[in-house]
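A.B. asks:
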Amino acid sequence: MNKHLMAAPLLALTPLCSLAENEISDNNPYNNPDYETAGYTLRAKGNSKLMQQMQPTIKFGGYIMGKYSISDRSGQNTNGGFDLRFIRLYADGHVYKDFYYKLQMEVNGAPGENKGPRVLDAFIEWQKFKFFRVKLGQFKRSFGFENPMSPLAIGMGSYSQATMKLASINDRNGEGNYNKSSGRDLGVQVQGDFITAPDGHNWLHYQLGVFNGQGINHTEKDHHKDLIGVLWFSPIKDLCSGGFGWNGKYTNEKYNATDPASLKSVKRVRWGAGLKYESDWTVRGEYMSSVGGVVTNATEPDRSDAWYATLGVPVAKGLKIYGRYDCYRNDKHSWKSLRTDYGLSGNYTLGKNLIFQLNYTFTDDRSARHATNPKDSHYNTFDVQVTARF
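Here the sequence shown stands for residues 3 to 392, numbered as in my numbering.
Structure below.
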């Protein structure tokens, strides 16, 4: 890669830089998957020919999200407690105008195999043409409407079960046991927008990516690459409807040939369709279907599906109320495997940088009710989340 391109972020930190300033993106953050916070931007100043050509910028930002939850589900080791859900820091910017880069770290670590701080995003994207942009590195898989969105823009206390289980934030296939990939992977992606409407929005959007298939910070483990494609239509500003496809395979990094429950690899063949309207009001819904088993349990079903519908209503300045109907079937052919979450959330934004959220969920879990060893299948969960962003 061009050495000047690699040096740009460092040059932006030199005394040639202007003072930090708070900037608000003109793009709707709900529809910009790389938007996290307003951040603080440094712009390089210099009279040299190189600096005038590069015009490097670097923006620093991040957020801290704390949580307290309590549940009345019986038979659990604990009924809830305090949790530090996210501590994320990022730096992004542009160089040579046409190249956008981003590095994002999760500082509070992750449970399971990959403990400690970790890299979430690390990519560079060539953005010269709006109809053909090329992204290379580690970033969000473009499957589903919710997955590419920041958790700050979801509105509820968590992503939907469809996004968690089938868009790979905590994948059902066993990837989530070893690698909390947060819906990300290593690969290359092309994307673009076509046909600009009079109001400036684009009518057609596409994405096509090739990925390792093993999640973040993990190298390739087989001879197969995952292919993920997206096509959606936007008839009016902020409204999108479209479909998603995923043809992939996940390889078990902890495969044990002596364990009959262990599988060496499983297919990850999925499709989805949905719509979203993201503005003052929010309407978002998706259906996803999956073919592929679970590497840690060979007896698990190899067909599953999920769907959800979310509505967000602005009530007063800074206050928005969300409701969600959220379903997941671990076995697509059995309604006894259905888990349904009915959620209600209040979001209050104080100024630009503080978000207070109160969430309630009633769960009806038929899979727990019909399990070999039945568990409490009707329970309530309350949680409070506070986010400080900068």
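In this text, a Cβ means the ideal position worked out from N, Cα and C, and glycines have one as well.
Starting from TYR180, trace the alpha helix (DSSP H) both ways and give me its first and last residue.
C.D. replies: Mapped onto the sequence shown, residue 180 falls at position 178. Note, TYR180: alpha helix (DSSP H), 177-180.
A.B. asks: Measuring CB to CB, does ARG87 end up less than 8 Å from MET67?
C.D. replies: Position 85 of the sequence shown, counted from the first residue, corresponds to residue 87. Position 65 of the sequence shown, counted from the first residue, corresponds to residue 67. Result yes, Cβ atoms of ARG87 and MET67 sit closer than 8 Å.
A.B. asks: Using 8 Å as the threshold, is the C-beta distance between ARG135 and VAL190 below it?
C.D. replies: Position 133 of the sequence shown, counting from 1, holds the residue named residue 135. Position 188 of the sequence shown, counting from 1, holds the residue named residue 190. The answer is no: Cβ separation not under 8 Å.
A.B. asks: Between ARG331, ASP366, GLY247 and PHE358, which lies nearest to GLY345 when the distance is taken from Cα to Cα?
C.D. replies: Within the sequence shown, residue 345 is the residue found at index 343, counting from 1. For the residues ARG331, ASP366, GLY247 and PHE358, the minimum Cα distance to GLY345 belongs to ASP366.
A.B. asks: What are the uninterrupted segments assigned as beta strand (DSSP E) that are 3 or more residues long and contained completely in the segment 161-249, given in chain order?
C.D. replies: Counting whole runs of 3 or more residues, the segment 161-249 contains the beta strand (DSSP E) stretches 186-198, 204-213 and 228-235.
A.B. asks: Measure how close the beta-carbons of ASP100 and LYS130 come, nearest whole angstrom, since I'm counting them as under 8 Å.
C.D. replies: Locating residue 100 in the sequence shown gives position 98, counting from the first residue. Locating residue 130 in the sequence shown gives position 128, counting from the first residue. Sure, about 4 Å apart at Cβ, within 8 Å.
A.B. asks: Going by DSSP, what residue range makes up the alpha helix (DSSP H) through LYS51?
C.D. replies: Residue mapping note: residue 51 aligns to position 49 of the sequence shown, counting from 1. That run of the alpha helix (DSSP H) goes 51-56.
A.B. asks: Helix, strand or coil for LEU154? Go by DSSP, reduced to three states.
C.D. replies: Counting from 1 along the sequence shown, the entry for residue 154 is found at position 152. If DSSP states are grouped into helix, strand and coil, LEU154 belongs with the helices.
A.B. asks: Kindly give me the distance between the Cβ atoms of GLY63 and TYR103, rounded to whole angstroms, as I take these residues to be in contact under 8 Å.
C.D. replies: For the purposes of this step, residue 63 is taken as the residue at position 61 of the sequence shown. For the purposes of this step, residue 103 is taken as the residue at position 101 of the sequence shown. The pair is not a contact, with the Cβ atoms about 14 Å apart (cut-off 8 Å).
A.B. asks: Taking its Cβ as the centre, do 16 or more other Cβ atoms sit within 10 Å of ALA10, making it buried, or is it exposed?
C.D. replies: In the sequence shown, the residue the question calls residue 10 occupies position 8. For ALA10, the predicted model reports a pLDDT of 43, less than 50, meaning its position is unreliable; a value from the coordinates is still stated below. Buried: at least 16 other Cβ atoms inside 10 Å.
A.B. asks: Can you find a heavy atom of the ligand SAM that lies under 7 Å from the Cβ of LEU356?
C.D. replies: No copy of the ligand SAM appears in this structure; indeed no ligand is present at all.
A.B. asks: Taking only the alpha-carbon atoms, compute the straight-line gap between ILE89 and ILE218 and give it to the nearest angstrom.
C.D. replies: The sequence position of residue 89 within the sequence shown is 87, counting from 1. The sequence position of residue 218 within the sequence shown is 216, counting from 1. About 17 Å.
A.B. asks: When you compare only the Cα positions, how much space is there between PHE308 and ALA169?
C.D. replies: For the purposes of this step, residue 308 is taken as the residue at position 306 of the sequence shown. For the purposes of this step, residue 169 is taken as the residue at position 167 of the sequence shown. The sequence given here places Ala at residue 308; Phe does not occur at that position. Their Cα atoms are separated by approximately 10 Å.
A.B. asks: If you measure between the beta carbons of ASP187 and ARG120, is that distance less than 8 Å?
C.D. replies: The residue labelled residue 187 in the question sits at position 185 within the sequence shown. The residue labelled residue 120 in the question sits at position 118 within the sequence shown. Contact: no.
A.B. asks: How would you call THR389, buried or exposed, if buried means at least 16 neighbouring beta carbons within 10 angstroms?
C.D. replies: Translated into positions along the sequence shown, residue 389 becomes position 387. With 16 or more Cβ atoms within 10 Å of its Cβ, THR389 is classed as buried.
A.B. asks: Which residues bound the beta strand (DSSP E) around ALA370?
C.D. replies: Reading the sequence shown from its first residue, position 368 is the one you call residue 370. Counting along the chain, ALA370 falls outside any beta strand (DSSP E), though it belongs to the alpha helix (DSSP H) covering 368-371.
A.B. asks: Report the three-state DSSP secondary structure of TRP337 (helix, strand or coil).
C.D. replies: What you label residue 337 is simply residue 335 of the sequence shown in a count that begins at 1. In the structure shown, TRP337 sits in a helix (DSSP, three-state: H, G or I).
A.B. asks: At what residues does the beta strand (DSSP E) containing SER379 begin and finish?
C.D. replies: Position 377 of the sequence shown, counted from the first residue, corresponds to residue 379. Unbroken run through SER379: none, as it is neither H nor E.
A.B. asks: Using 8 Å as the threshold, is the segment 318-337 in touch with the segment 300-307, meaning 3 or more CB pairs across them?
C.D. replies: As far as the Cβ criterion goes, the segment 318-337 touches the segment 300-307, which means the pair count is three or higher.
A.B. asks: Determine whether the beta carbon atoms of GLU288 and ASP240 lie at a separation below 8 Å.
C.D. replies: For this step, residue 288 is matched to residue 286 along the sequence shown. For this step, residue 240 is matched to residue 238 along the sequence shown. No, the pair does not count as a contact, with Cβ atoms beyond the cut-off.
A.B. asks: Between PHE384 and SER160, how many whole angstroms is the CB-CB distance? I'm expecting something under 8 Å.
C.D. replies: Counted from its first residue, the sequence shown places residue 384 at position 382. Counted from its first residue, the sequence shown places residue 160 at position 158. The pair is not a contact, with the Cβ atoms about 13 Å apart (cut-off 8 Å).
A.B. asks: First and last residue of the beta strand (DSSP E) that includes ARG272?
C.D. replies: Mapped onto the sequence shown, residue 272 falls at position 270. ARG272 -> beta strand (DSSP E) spans 267-280.
A.B. asks: Which value, in whole angstroms, describes the spacing of the CA atoms of THR165 and VAL97?
C.D. replies: Your numbering for residue 165 matches position 163 in the sequence shown. Your numbering for residue 97 matches position 95 in the sequence shown. Taking the straight line joining both Cα atoms gives about 33 Å.
A.B. asks: Measure the alpha-carbon distance for LEU12 versus ASP94 and round it to whole angstroms.
C.D. replies: The count along the sequence shown starts at 1 and reaches residue 12 at position 10. The count along the sequence shown starts at 1 and reaches residue 94 at position 92. Its pLDDT being 39, under 50, LEU12 is placed unreliably by the model, and the measurement read from it follows with that caveat. Answer to the nearest angstrom: the Cα atoms are 12 Å apart.
A.B. asks: Can you tell me whether GLY68 is helix, strand or coil according to DSSP?
C.D. replies: Mapped onto the sequence shown, residue 68 falls at position 66. Residue state, collapsed to three classes: strand.
A.B. asks: What does a CB cutoff of less than 8 Å around ILE197 pick up in its chain, not counting 5 residues either side in sequence?
C.D. replies: Residue 197 sits at position 195 when you count from the first residue of the sequence shown. ASN204, TRP205 and LEU206.
A.B. asks: Contact defined as beta carbons within less than 8 Å: I believe TRP248 pairs with PHE125. What is the distance between those atoms, to the nearest angstrom?
C.D. replies: Stepping through the sequence shown from its first residue, residue 248 is reached at position 246. Stepping through the sequence shown from its first residue, residue 125 is reached at position 123. At roughly 19 Å, the Cβ-Cβ gap does not stay under 8 Å, so TRP248 and PHE125 are not in contact.
A.B. asks: Which residues does DSSP pair with ASP85 in a beta bridge?
C.D. replies: For the purposes of this step, residue 85 is identified with residue 83 of the sequence shown, where counting begins at 1. Paired residue(s): LYS69.
A.B. asks: Would the beta-carbon of GLY294 fall within 8 Å of that of VAL271?
C.D. replies: For the purposes of this step, residue 294 is identified with residue 292 of the sequence shown, where counting begins at 1. For the purposes of this step, residue 271 is identified with residue 269 of the sequence shown, where counting begins at 1. Contact flag set, yes.
A.B. asks: Can you tell me which residues form a DSSP beta bridge with PRO119?
C.D. replies: On the sequence shown, residue 119 is found 117 positions in, with the first residue counted as 1. PRO119 is not bridged to any residue.
A.B. asks: Can you tell me which of TYR350, ARG371 and ALA373 puts its alpha carbon nearest to the alpha carbon of VAL386?
C.D. replies: The residue you call residue 386 lines up with position 384 of the sequence shown. When each option's Cα is compared against that of VAL386, the closest is TYR350.
A.B. asks: When you compare the CB positions of THR253 and ASP224, do they come within less than 8 Å of one another, or not?
C.D. replies: As a working note, residue 253 is residue 251 in the sequence shown. As a working note, residue 224 is residue 222 in the sequence shown. Contact flag set, yes.
A.B. asks: Report the rounded CA-to-CA distance for PRO109 versus TYR65, giving the unit in angstroms.
C.D. replies: In the sequence shown, residue 109 corresponds to position 107, counting from 1. In the sequence shown, residue 65 corresponds to position 63, counting from 1. According to the sequence shown, residue 109 is Val rather than Pro. Those two C-alpha atoms are separated by around 10 Å.
A.B. asks: Just to confirm before moving on: does the CB-CB distance between LYS354 and ALA155 stay below 8 Å?
C.D. replies: As a position in the sequence shown, residue 354 is number 352, starting the count at 1. As a position in the sequence shown, residue 155 is number 153, starting the count at 1. No, Cβ-Cβ distance for LYS354 and ALA155 is not below 8 Å.
A.B. asks: How would you label GLU222, buried or exposed, when you count the other beta carbons within 10 angstroms and need 16 or more for buried?
C.D. replies: Your numbering for residue 222 matches position 220 in the sequence shown. Classification of GLU222: exposed, given that the 10 Å Cβ count is below 16.
A.B. asks: With DSSP collapsed to three states, give me the class of PRO262.
C.D. replies: By one-based count along the sequence shown, residue 262 stands at place 260. Correct three-state label for PRO262: coil.
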